[in-house]
Amino acid sequence: MNSNKNIHRWNKWAQVYDRLISPAETVYADLYLNIVKTIDYTDKVLELATGSGMVSLSVSPYCKSIDAVDHSKSMIDTAKHNKSFSKYQNVNFSVSNAEAMPCDDDTYDVVILSNALHVLENPEYVMHEIKRVLKPGGKLIAANFLHKEKLRSQMIIKSLSCLGYPVYRTFDESSYHNYLSQHDFTLKKCKVIEGIIPLAYVEASFENDN
Numbered sequence: 148m149n150s151n152k153n154i155h156r157w158n159k160w161a162q163v164y165d166r167l168i169s170p171a172e173t174v175y176a177d178l179y180l181n182i183v184k185t186i187d188y189t190d191k192v193l194e195l196a197t198g199s200g201m202v203s204l205s206v207s208p209y210c211k212s213i214d215a216v217d218h219s220k221s222m223i224d225t226a227k228h229n230k231s232f233s234k235y236q237n238v239n240f241s242v243s244n245a246e247a248m249p250c251d252d253d254t255y256d257v258v259i260l261s262n263a264l265h266v267l268e269n270p271e272y273v274m275h276e277i278k279r280v281l282k283p284g285g286k287l288i289a290a291n292f293l294h295k296e297k298l299r300s301q302m303i304i305k306s307l308s309c310l311g312y313p314v315y316r317t318f319d320e321s322s323y324h325n326y327l328s329q330h331d332f333t334l335k336k337c338k339v340i341e342g343i344i345p346l347a348y349v350e351a352s353f354e355n356d357n
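Counting in my numbering, the sequence shown runs from 148 upward without gaps.
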C-alpha cells in the first residue's frame, strides 16, 4: 500500500508540480496528440496518478468520460482547480489508491498511466489493477520519461531525487517496453517523443483468458 510518507511528499510537490514539468510542455503536447488519435468519443477512460490533471483535461473532449485519480489530496485539489477553467466537465477527479481501485472488473475501455511507473511504490499491484478494470479488448496507454536514456536525463532525475522527489526506478526504452511486456501486455504502438527528457509512448492491450 502507498505509505503515508510518500503521500505526504506528493502533497508537498503538488504546490510546484505544474511549474516543475513546464519545460516538457512540447513533449506533453505531442503526448496529447497521440492519445486523442487512439481514444474514441464513446470511451470510458481511467487515468491513474493524474497529478494536477493536465492529461485528463487535455484529452477529455475526445472521449465520453474520464475518472482521474491520485493518492495525493493536494494533487486532486489542484486538478479540480484546473478543471474550473475548462469548458469540458466530463472529468471526475477523486482521491483513490491505484493499488486497490473501488470499481468493478471490466469497467473501462482505456486506462492511461502517464509518467507514473518510476514514482509508484508498488507498481506490480497497479499493473494488476489495470488488467482487472480494463474491459475485454481494452487498451492501456502508458507513457513514461526515459531517465536512463541520456546523460542529461540521468542528471536531471538525480538532482530532483536529491531535492526529495520520489523516484523508485528509472527506465530506458528497452527496459520500459520489457516491463510492460512482463506484465502480460501486448505492445501495439511504441514511439519515443524527444524532449529535454525523452518520453516513451506505448499503446498496449491485455487479453484475459480467464
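Beta carbons are placed, not taken as given, at the ideal position from N, Cα and C, and that holds for glycine.
- G198 and I154 have their alpha carbons spaced roughly 12 Å apart.
- In summary, E194 is buried, with 16 or more beta-carbon neighbours lying within 10 Å of its beta-carbon over all protein chains present.
- Its Cα nearest to that of H275, the residue F353 stands out among V174, F353, K184.
- Separation of A289 and E246 (C-alpha to C-alpha, rounded to the nearest whole angstrom) is 16 Å.
- Boundaries of the beta strand (DSSP E) around L346: 346-352.
- Contact between the segment 244-259 and the segment 320-336 is absent, with fewer than three C-beta pairs closer than 8 Å.
- The beta carbons of L260 and A171 sit no closer together than 8 Å.
- For S207, same chain residues with a beta-carbon under 7 Å away, outside a window of 5 residues either side, are I213, Y235, N237, V238 in chain order.
- The Cβ atoms of A347 and L293 lie closer than 8 Å to each other.
- The segment 223-254 is shown to contain whole beta strand (DSSP E) runs of 3 or more residues at 238-242, in chain order.
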